[in-house]
Amino acid sequence: MMLNTVLPILLFAALALAVIGAMKRFAMWRRGRAAQVDWIGGLLAMPRRYMVDLHHVVARDKYIANTHVATAGGFVLAAVLAILVHGLGLHNRILGFTLLVATGLMFVGALFVAKRRLNPPARLSKGPWMRLPKSLLAFSASLFIATLPVAGILPAGFGGWLLAAILLLGIAWGVSELFFGMTWGGPMKHAFAGALHLAWHRRAERFGGGRSTGLKALDLDDPQTPLGVEKPKDFTWNQLLGFDACVQCGKCEAACPAFAAGQPLNPKKLIQDMVVGLAGGTDAKFAGSPYPGKKIGEHSGAPHLPIVSLDGKALVDAETLWSCTTCRACVEECPMMIEHVDAIVDMRRHLTLEKGATPNKGAEVLENLIATDNPGGFAPGGRLNWAADLDLPLMRDKQEADVLFWVGDGAFDMRNQRTLRALVKVLKAANVDFAVLGLEERDSGDVARRLGDEATFQQLAKRNISTLAQYRFNTIVSADPHSFHVLKNEYGAFGGDYSVLHHSTYIDQLISSGKLNLSQHQGASVTYHDPCYLGRYNGEYEAPRSVLKAIGIEVKEMQRSGFRSRCCGGGGGAPITDIPGKQRIPDMRMVDIKETGAEIVAVGCPQCTAMLEGVVEPRPQIKDIAELVAEALVETTATRPAQREAVEAV
Amino acid sequence: MQPSPMDTTALNVVALVSIGAHPTSGRPRRAEQDARAVELGLRLAGEAMQVVHAGDARQEALRGYLGMGIKQLHVLEQPAQADVLHALSDYLLDSDAQLILTGSQAETGEGSGMLPYLLAEQLGWPIVVGLAEVERIDHGIAHVLQALPRGQRRRLQVQMPFIASVDNAAPLARQSAFGPARRGELTVTAANVCPDQLFKEGQLQPARPRPKRLKVIKAKTGAERMKAATAKASGGGGQVLKDCSPTEGAEAIFKLLMDEGVLR
Ligand code: SF4
Ligand code: SF4
């Protein structure tokens, strides 16, 4: 029997090749910098992370979720059984039947994979990925037929030499794609690297429903620590492993606002370029959408070569990195839980901290932050001018308050001052015991950090933390999701642990505890734009909506809302680095807004306000949630002095 | 036009830098014009250029210059309020410098803007004010562009060595990066200290903006107003003295100053 002698050889040879490939690939990842991982615990947790956390993301697309369960489930089962049955020769009927079921399941799944590939959406990569469904079909069909005799359905030796030869060919094709193609860099690499990536993920806190969105701190006290990533090997090794897990599904590309705006960024290509970098080579084989406006095949890299060349071409152009708004839409969509934003900021850090190459207004903004603690370079003494007539309680005088109102740099912006004043009116109406830091407040460091200037960020953070340490308060409330995020998630690494709330959350609490006397919003229809740093970064989708509901607003939801909200274009220092594209991100967001027919768009972020108000009229009005609530306040008869002042204010 | 590196990398360029102050916060920083002088030097001589500060090496703001990619900054140790002129000229005389770049005016201290002139006088070198660009250098002669008001440029030839001060017409200084700023070295040498008598005795008071000359607009049409706004500032009553003796020249200047009420 030819099958019975050749099949085991084939299977074990493929397995051996797979093991060699795996070791080579592992060595490639290990070129990266050291990282702390829980080796065993991670491996043990991996199946759960795969079946729960990863599936949770994949299941947003029912079609591919079911397809993947059938194909991958069928394949894993088939592979194990094939080794038992055909490799070790355990010709047991039950095993045979199970193997038939497994290959059948896999075949059906593969048919659906093939169907998606008939007319694939632009986000999917072509090239070898078009071959994959055929490989899957060949493997499952051949193995199915070859197993029929084992299950006793067909007589042994049926079909003669010719069929045996054809089956062998089919299986050989299959195992080369599915067994060692997995570790030698074929499309199936995603399964191997993906499983290990889940096991040794750099942000293990993300699994089990957790959230981990704060950027990781650079150790600036140790002069040996590289300041960001210059070469692929400067990533930690598990970041490299993460890049390798990419299935090129393009979900990130479809969600990326910079890509849609025609700026030279495509998160999927970026991850693939990192794969090119970790293995060495050029991007010529990339079979997906290019960076808008950049040809494929002109860039190349290697683990020991700089990723960005400032006066020539290397692996990635600097403007690609500076196009990102750090909106995290890509990370949110990625079924492989790859961390694009971390990688982008890591590379920006090198450009800013080592090369001094922050583009456009970047250098000026950073200099301003260093010299004046605000990005606009305004005289620091003017930080409280917006509230000159409000008689705000100062922390320095009070020493202690229930709420510390974190004003943010919007204090220097005339538009945002209206929001701030509205929020003060609401706080006073609810009799909240609050105070501000006043002139002691500094920029939170958000923009410096996203522009890669970790040093300035840490300086600002440490100074703010030492200021905050002087006072006693229960909660920090901020109307700026960027400050909110940084205070909540990024100050912890420097010893600043606070309970921080976005003003929408806090107002929601005030409303539900009956502290605010609100009328109903009059007339105009309203939609709500989720700020990235509130939604995707911090999971707060509900509070703003429930506040709007409390003032009688039924939100006309945009198609892209909640975790799929499209960025306004204002994050990550993108308006500062200002990389040109074909259109502007806020214009695209305004189209989303107009589609709802709303006359007002409710926002909860000074950046969003500025970006959306920058869209030419006619367009819906932009109002912060605080403004909408302040308008709906019912003036009570009380004659508290605070109340009187608040009336004059807005 | 970038000068080709062949011409200038061997050039011995020294930039003199001071501690600046941010205009709105007053915090110490690299001084804007001095940083432009360093930028010009870097473009001419690359990392081989020398950067010199006379003052206190413990000033963190000095690292702002190192962050531009300079490996070493030379500090001539001087106490606050010393007259750094002598320390600098002693140092520069021994340094084979061919081109000395400075800002036009310091942002802190006396800020009189006199240093480049006094230095030129002491060294006996020519001085170019408002250097915008060095076009080329051949046979020890530099062909440079000098910035004049309203974006005008004058092409000059100067025999090296010479001193040049830069103002805001010179190229903007590159970003100062944290890594090179942290790695850069501050080498300190002791230098002769010469107390500044005037500065010691005098009292500082906040500057008042200099009163502007009233501009009488006689224009009747929009076009004339436009012309008046964009035209070269011309005193009208000026007088060009050529081929006159120094005494005649001095007398003419003296008379003008009397007429304008500067001298009484
Ligand atoms: S964070 Fe946003 S802008 Fe940046 S790559 Fe991801 S999707 Fe694109
Ligand atoms: S990075 Fe993630 S979302 Fe993007 S193509 Fe790869 S697997 Fe898909």
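Protein chains in written order, with our numbering: chain A, 1 to 650; chain B, 1 to 264.
Positions of the beta carbon are idealized from the N, C-alpha and C atoms, including for glycine.
These figures come from a predicted structure and were not determined experimentally.
Under 7 Å Cβ to Cβ from B/Ala190, same chain only, skipping five residues before and after it: list those, please. On the second sequence, position 190 is the one that residue 190 of chain B refers to. Taken in chain order, the residues that qualify are Glu77.
If we ignore side chains and look at the alpha-carbon of each, how far apart do A/His482 and A/Pro359 end up? Indexing the first sequence from 1 puts residue 482 of chain A at position 482. Indexing the first sequence from 1 puts residue 359 of chain A at position 359. Roughly 21 Å separates the two Cα atoms.
Give the residues from the segment 176 to 205 of chain B that approach chain A closer than 8 Å (Cβ to any Cβ), ordered along the chain. Ser176, Ala177, Phe178, Gly179, Pro180, Arg182 and Arg183
Roughly how many whole angstroms lie between the Cα atoms of A/Gln559 and A/Leu548? On the first sequence, residue 559 of chain A is found 559 positions in, with the first residue counted as 1. On the first sequence, residue 548 of chain A is found 548 positions in, with the first residue counted as 1. Cα to Cα, the separation comes out at about 18 Å.
Which full runs of the beta strand (DSSP E) of 3+ residues lie inside the segment 105 to 155 of chain A, going along the chain? none
Using a Cβ distance threshold of 8 Å, determine whether the segment 86 to 106 of chain A contacts the segment 121 to 135 of chain A, with at least three qualifying pairs required. Judged by Cβ distances under 8 Å, the segment 86 to 106 of chain A makes no contact with the segment 121 to 135 of chain A, as fewer than three pairs qualify.
Rounded distance between the beta-carbons of A/Pro267 and A/Cys256, thought under 8 Å: Taking the first sequence and counting its residues from 1, one reaches residue 256 of chain A at position 256. Taking the first sequence and counting its residues from 1, one reaches residue 267 of chain A at position 267. Distance from A/Cys256 to A/Pro267 at the Cβ level is roughly 5 Å; contact confirmed, criterion being Cβ atoms closer than 8 Å.
What is the C-beta distance between A/Leu3 and A/Leu270, in whole angstroms, given that I count them as a contact (C-beta under 8 Å)? Taking the first sequence and counting its residues from 1, one reaches residue 3 of chain A at position 3. Taking the first sequence and counting its residues from 1, one reaches residue 270 of chain A at position 270. Actually they do not touch by this definition, with Cβ atoms about 46 Å apart.
Assigned secondary structure, B/Phe29 (DSSP; H/G/I helix, E/B strand, else coil): For the purposes of this step, residue 29 of chain B is taken as the residue at position 29 of the second sequence. Residue identity differs from the one stated: residue 29 of chain B is Arg in this sequence, not Phe. In the structure shown, B/Arg29 sits in a strand (DSSP, three-state: E or B).
Report the option in B/Gln50, B/Ile127 and B/Glu201 whose CA atom is closest to the CA atom of B/Lys71. Taking the first residue of the second sequence as position 1, residue 71 of chain B is located at position 71. Checking every option, the nearest Cα to that of B/Lys71 belongs to B/Gln50.
Which residues in chain B have a C-beta closer than 7 Å to the C-beta of A/Thr358? List them in chain order. Position 358 of the first sequence, counted from the start, is the residue given in the question as residue 358 of chain A. What A/Thr358 touches in chain B: Gln175.
Is any heavy atom in ligand 2 found nearer than 7 Å to the beta carbon of A/Gly250? Working through the first sequence from its first residue, we reach residue 250 of chain A at position 250. Checking every heavy atom of ligand 2 against the Cβ of A/Gly250, one is found closer than 7 Å.
Given a cut-off of 8 Å on the beta-carbon distance, is the pair B/Phe178 and B/Trp125 in contact? Position 178 of the second sequence, counted from the first residue, corresponds to residue 178 of chain B. Position 125 of the second sequence, counted from the first residue, corresponds to residue 125 of chain B. No. Outside cutoff.
Counting only C-beta atoms, is A/Ala493 closer than 8 Å to chain B at any point? Residue numbering aside, residue 493 of chain A sits at position 493 when the first sequence is read from its first letter. Cβ-Cβ to chain B under 8 Å: no for A/Ala493.
Is B/Arg63 close to chain A, meaning its C-beta is less than 8 Å from at least one C-beta of that chain? Along the second sequence, read from residue 1 onward, the residue named residue 63 of chain B stands at position 63. Chain A, which has no Cβ nearer than 8 Å to the Cβ of B/Arg63, makes this no.
Among residues of its own chain, excluding the 5 on either side of A/His521, which ones have a beta-carbon nearer than 6 Å to its beta-carbon? Position 521 of the first sequence, counted from the start, is the residue given in the question as residue 521 of chain A. Hits under 6 Å: Ile551, Gly552, Ile553 and Ala632.
Is it buried or exposed for A/Gly304, if we count other Cβ within 10 angstroms and need 16 for buried? To locate residue 304 of chain A, count along the first sequence from 1; it is residue 304. A small fix is needed here, since residue 304 of chain A is His in this sequence, not Gly. The residue in question, A/His304, is exposed, as its Cβ has fewer than 16 Cβ neighbours within 10 Å.
Nearest to A/Val108 by alpha carbon, out of A/Ala78, A/Ala70 and A/Phe457? Taking the first sequence and counting its residues from 1, one reaches residue 108 of chain A at position 108. Of the candidates A/Ala78, A/Ala70 and A/Phe457, the one whose C-alpha sits nearest the C-alpha of A/Val108 is A/Ala70.
Using 10 angstroms around the beta-carbon of A/Leu162, count the other beta-carbons present and answer buried if the total reaches 16, otherwise exposed. Taking the first sequence and counting its residues from 1, the one referred to as residue 162 of chain A is at position 162. Looking at its Cβ environment, which holds fewer than 16 other Cβ atoms inside 10 Å, A/Leu162 is exposed.
For A/Leu17 and A/Leu278, the rounded distance between their alpha carbons: Reading the first sequence from its first residue, position 278 is the one you call residue 278 of chain A. Reading the first sequence from its first residue, position 17 is the one you call residue 17 of chain A. A/Leu278 and A/Leu17: Cα-Cα distance of roughly 21 Å.
What number of angstroms, rounded off, separates the C-alpha of A/Leu43 from the C-alpha of A/His503? Indexing the first sequence from 1 puts residue 43 of chain A at position 43. Indexing the first sequence from 1 puts residue 503 of chain A at position 503. Going by the C-alpha atoms only, they are around 41 Å apart.
Roughly how many angstroms separate the alpha carbons of B/Ala57 and A/Pro226, rounded to a whole number? The residue given as residue 57 of chain B occupies position 57 in the second sequence. The residue given as residue 226 of chain A occupies position 226 in the first sequence. Across the structure, B/Ala57 and A/Pro226 are spaced so that their CA atoms are roughly 26 Å apart.
Measure the C-alpha to C-alpha separation of A/Pro232 and A/Gly32 and round it to an integer number of angstroms. Counting from 1 along the first sequence, the entry for residue 232 of chain A is found at position 232. Counting from 1 along the first sequence, the entry for residue 32 of chain A is found at position 32. Looking at the two C-alpha atoms, the distance is approximately 7 Å.
If we count the other Cβ atoms within 10 Å of its Cβ and call it buried at 16 or more, is A/Gln607 buried or exposed? In the first sequence, the residue the question calls residue 607 of chain A occupies position 607. So A/Gln607 counts as buried.
Straight-line gap, A/Leu132 to B/Gly67 (C-alpha atoms, nearest Å): Counted from its first residue, the first sequence places residue 132 of chain A at position 132. Counted from its first residue, the second sequence places residue 67 of chain B at position 67. Each residue's alpha carbon lies about 51 Å from the other.
Can you tell me which of the three DSSP states B/His53 falls into? Here residue 53 of chain B refers to the residue found at position 53 of the second sequence. Per DSSP, reduced to three states, the secondary structure at B/His53 is strand.
Distance cutoff 8 Å, beta carbons only. Does B/Met1 sit that close to anything in chain A? Position 1 of the second sequence, counted from the first residue, corresponds to residue 1 of chain B. Note that B/Met1 scores 41 on pLDDT, short of 50, meaning its location in the model is unreliable and no value can be drawn from it.
B/Gly103 CB to nearest chain A CB: under 8 Å? Here residue 103 of chain B refers to the residue found at position 103 when the second sequence is read from its first residue. Chain A, which has no Cβ nearer than 8 Å to the Cβ of B/Gly103, makes this no.
Comparing the CB of A/Ile338 with every heavy atom of ligand 2, is any distance shorter than 7 Å? Counted from its first residue, the first sequence places residue 338 of chain A at position 338. Yes; taking the cut-off as 7 Å, the Cβ of A/Ile338 has a heavy atom of ligand 2 nearer than that.
If you drop the 5 nearest sequence neighbours on each side, which residues of the same chain put their C-beta closer than 7 Å to that of B/Met6? Here residue 6 of chain B is taken as the residue at index 6 of the second sequence, counted from 1. Confidence at B/Met6 is low in this model, with a pLDDT of 45, below 50, so its placement is unreliable and no value can be given for it.
Under 7 Å: does the beta carbon of A/Val247 sit that close to some heavy atom of ligand 2? Taking the first sequence and counting its residues from 1, one reaches residue 247 of chain A at position 247. Yes.
What does B/Gly67 touch in chain A if you count any residue whose Cβ is under 8 Å from its own? Residue mapping note: residue 67 of chain B aligns to position 67 of the second sequence, counting from 1. Here the neighbours are Gly356.
Own chain partners of A/Leu423 with C-beta closer than 6 Å, once the 5 adjacent residues on each side are dropped: In the first sequence, the residue the question calls residue 423 of chain A occupies position 423. Taken in chain order, the residues that qualify are Ala479, His503 and Ala626.
Output needed in chain order: residues of the segment 375 to 388 of chain A with a Cβ under 8 Å from some Cβ in chain C. Protein chains in the displayed structure are A and B, and chain C is not among them.
Give the range of the beta strand (DSSP E) segment to which A/Phe180 is assigned. Taking the first residue of the first sequence as 1, we reach residue 180 of chain A at position 180. A/Phe180 -> no beta strand (DSSP E), and no H or E assigned at all.
Would A/Arg328 and A/Arg536 qualify as a contact pair, given that the criterion is a beta-carbon distance under 8 Å? On the first sequence, position 328 is the one that residue 328 of chain A refers to. On the first sequence, position 536 is the one that residue 536 of chain A refers to. In this structure, A/Arg328 places its C-beta atom within 8 Å of the C-beta atom of A/Arg536.
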